[in-house]
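Peer 1: Got a structure for you, questions after.
Residue numbers (my numbering): 9 to 259.
This is the structure in structure tokens:
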């Protein structure tokens, strides 16, 4: 009888023990300089720290799910990841991503590059029409550009791959976020071979955090948005973004 009582007490203890807090899974694709990995392969950068601080204030353990953009989006759609930051809005994505209010920043400038030995001028939007433009898989750039069926596009898995295609002559010009593409263009691998063209495209759409609609944390959407609002109000977001000059949407 004593053994039976002890067993029952043990079962009751196990049943009443609180469940471990559900972790917040951050779908993390590298986007220099805002989301990157350091020499020890640790995620760093202003966007990274915004999400870290958000998770800390929410009391949620944070796990990084490192993935290319297209795979990150698929993980969000399938409910395998909870949160992304800086991913551009589209009506298609809004079916499975809830773009939280308020925005954490606004504005995005897109730069274009061509080979240094290419004499064709690219100063106006119409100058793109005869060319093949290098783009990154899954990226949303600019409403006009994205919807223009006249643009010939060549897709690469990463911005680095797109630059390599440009240098190899497989595309005529590439498009990318101004800061990210500028860092790559100035790198030893590409600096001698590419140059920026006069044409730029500006996108004033706001930048937001996106919560997966299928996330187990989705019922806590209001609390997550409220915590983000508090981070904006107390200047935490501005201080973290200062390391990257300003916030921009990657895609």
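By construction, the Cβ of each residue, glycine as well, lies at the ideal position given by its N, Cα and C atoms.
A quick note: this is a predicted structure, and the numbers were derived from the prediction, not measured.
Give the straight-line distance between the Cα atoms of residue 214 and residue 94, rounded to the nearest whole angstrom.
Peer 2: Sequence index remark: in the chain shown, residue 214 carries index 206 (1-based). Sequence index remark: in the chain shown, residue 94 carries index 86 (1-based). So the two alpha carbons sit approximately 9 Å from each other.
Peer 1: Give me the DSSP bridge partner(s) of residue 92.
Peer 2: Within the chain shown, residue 92 is the residue found at index 84, counting from 1. DSSP, once it has assigned bridges, lists 218 as partnering residue 92.
Peer 1: Which residues in the same chain have their Cβ closer than 7 Å to the Cβ of residue 62, if we skip the five residues on either side of it in sequence?
Peer 2: Residue mapping note: residue 62 aligns to position 54 of the chain shown, counting from 1. So the qualifying residues of the chain are 235, 236, 239.
Peer 1: Looking at the structure shown, is residue 67 part of a helix, part of a strand, or coil, going by DSSP?
Peer 2: To locate residue 67, count along the chain shown from 1; it is residue 59. Residue 67: coil per DSSP, three-state reduction.
Peer 1: For residue 31 versus residue 71, is the C-beta distance shorter than 8 Å?
Peer 2: On the chain shown, residue 31 is found 23 positions in, with the first residue counted as 1. On the chain shown, residue 71 is found 63 positions in, with the first residue counted as 1. Yes.
Peer 1: When you compare only the Cα positions, how much space is there between residue 170 and residue 177?
Peer 2: The residue labelled residue 170 in the question sits at position 162 within the chain shown. The residue labelled residue 177 in the question sits at position 169 within the chain shown. Looking at the two C-alpha atoms, the distance is approximately 11 Å.
Peer 1: Just mark residue 105 as buried or exposed, buried being the case when its beta carbon has 16 or more other beta carbons within 10 Å.
Peer 2: One-based indexing of the chain shown puts residue 105 at position 97. Residue 105 comes out buried.
Peer 1: Among residues of its own chain, excluding the 5 on either side of residue 150, which ones have a beta-carbon nearer than 7 Å to its beta-carbon?
Peer 2: As a working mapping, residue 150 is identified with position 142 in the chain shown. So the qualifying residues of the chain are 118, 209, 211.
Peer 1: Measuring straight from C-alpha to C-alpha, what distance separates residue 201 and residue 190?
Peer 2: The residue given as residue 201 occupies position 193 in the chain shown. The residue given as residue 190 occupies position 182 in the chain shown. Cα to Cα, residue 201 sits roughly 13 Å from residue 190.
Peer 1: Where residue 127 and residue 233 are concerned, what is the direct C-alpha to C-alpha distance, given to the nearest angstrom?
Peer 2: Walking along the chain shown from the start, residue 127 turns up at place 119. Walking along the chain shown from the start, residue 233 turns up at place 225. Those two C-alpha atoms are separated by around 49 Å.
Peer 1: So for residue 139, helix, strand or coil by DSSP?
Peer 2: Position 131 of the chain shown, counting from 1, holds the residue named residue 139. Coil at residue 139, not helix or strand.
Peer 1: Which residues in the same chain have their Cβ closer than 8 Å to the Cβ of residue 207, if we skip the five residues on either side of it in sequence?
Peer 2: For this step, residue 207 is matched to residue 199 along the chain shown. Excluding positions up to five away in sequence, the list reads 120, 130, 131, 132, 133, 135, 136.
Peer 1: So residue 174 is in the alpha helix (DSSP H); what residue range does that whole segment cover?
Peer 2: Here residue 174 refers to the residue found at position 166 of the chain shown. Where residue 174 is concerned, the enclosing alpha helix (DSSP H) stretches over 167-175.
Peer 1: Per the contact definition of three or more C-beta pairs closer than 8 Å, is the stretch 77-90 in contact with the stretch 45-53?
Peer 2: no
Peer 1: Tell me which residues share the same chain as residue 159 and place their Cβ nearer than 8 Å to its Cβ, disregarding the 5 neighbours each side in the sequence.
Peer 2: By 1-based counting over the chain shown, the position of residue 159 is 151. Residues of the same chain with a CB within less than 8 Å of the CB of residue 159, apart from the 5 flanking positions on each side, are 136, 137, 141, 153 in chain order.
Peer 1: Roughly how many whole angstroms lie between the Cα atoms of residue 161 and residue 195?
Peer 2: Start at 1 with the first residue of the chain shown, and residue 161 comes out as number 153. Start at 1 with the first residue of the chain shown, and residue 195 comes out as number 187. Distance between the alpha carbons of residue 161 and residue 195: 24 Å.
Peer 1: Would residue 164 and residue 144 qualify as a contact pair, given that the criterion is a beta-carbon distance under 8 Å?
Peer 2: One-based indexing of the chain shown puts residue 164 at position 156. One-based indexing of the chain shown puts residue 144 at position 136. For residue 164 and residue 144, yes; Cβs fall inside 8 Å.
Peer 1: If you reduce the DSSP assignment to three classes, tell me which class residue 149 lands in.
Peer 2: Here residue 149 refers to the residue found at position 141 of the chain shown. If DSSP states are grouped into helix, strand and coil, residue 149 belongs with coil.
Peer 1: Evaluate residue 98 with the Cβ neighbour count: other Cβ atoms within 10 Å of its Cβ, from every protein chain shown; 16 or more gives buried, anything less gives exposed.
Peer 2: Within the chain shown, the letter at position 90 stands for residue 98. By the neighbour-count rule (16 or more Cβ atoms within 10 Å), residue 98 is not buried but exposed.
Peer 1: Quick check: the Cα distance between residue 230 and residue 198, rounded to an integer number of angstroms?
Peer 2: As a working mapping, residue 230 is identified with position 222 in the chain shown. As a working mapping, residue 198 is identified with position 190 in the chain shown. Taking the straight line from one Cα to the other gives about 45 Å.
Peer 1: Can you tell which of 146, 249, 124 has the C-alpha that lies nearest to the C-alpha of residue 193?
Peer 2: Mapped onto the chain shown, residue 193 falls at position 185. The residue with the shortest Cα to Cα distance from residue 193 is 124.
Peer 1: Could you tell me how far apart the beta carbons of residue 226 and residue 219 are, in whole angstroms, since I believe they sit closer than 8 Å?
Peer 2: In the chain shown, the residue the question calls residue 226 occupies position 218. In the chain shown, the residue the question calls residue 219 occupies position 211. Yes, they are in contact, since the Cβ atoms of residue 226 and residue 219 sit about 6 Å apart, within 8 Å.
Peer 1: Indicate whether residue 75 and residue 92 have their beta-carbon atoms separated by less than 8 Å.
Peer 2: Stepping through the chain shown from its first residue, residue 75 is reached at position 67. Stepping through the chain shown from its first residue, residue 92 is reached at position 84. No, Cβ-Cβ distance for residue 75 and residue 92 is not below 8 Å.
Peer 1: In three-state terms, what does DSSP make of residue 130?
Peer 2: By one-based count along the chain shown, residue 130 stands at place 122. Of the three classes helix, strand and coil, the one that applies to residue 130 here is coil, per DSSP.
Peer 1: Helix, strand or coil for residue 111 per DSSP?
Peer 2: Residue mapping note: residue 111 aligns to position 103 of the chain shown, counting from 1. Reduced to three states, the DSSP call for residue 111 is coil.
Peer 1: Should residue 40 go down as buried or exposed, given a rule of 16 or more other Cβ atoms within 10 Å for buried?
Peer 2: One-based indexing of the chain shown puts residue 40 at position 32. Buried, by the Cβ-count rule.
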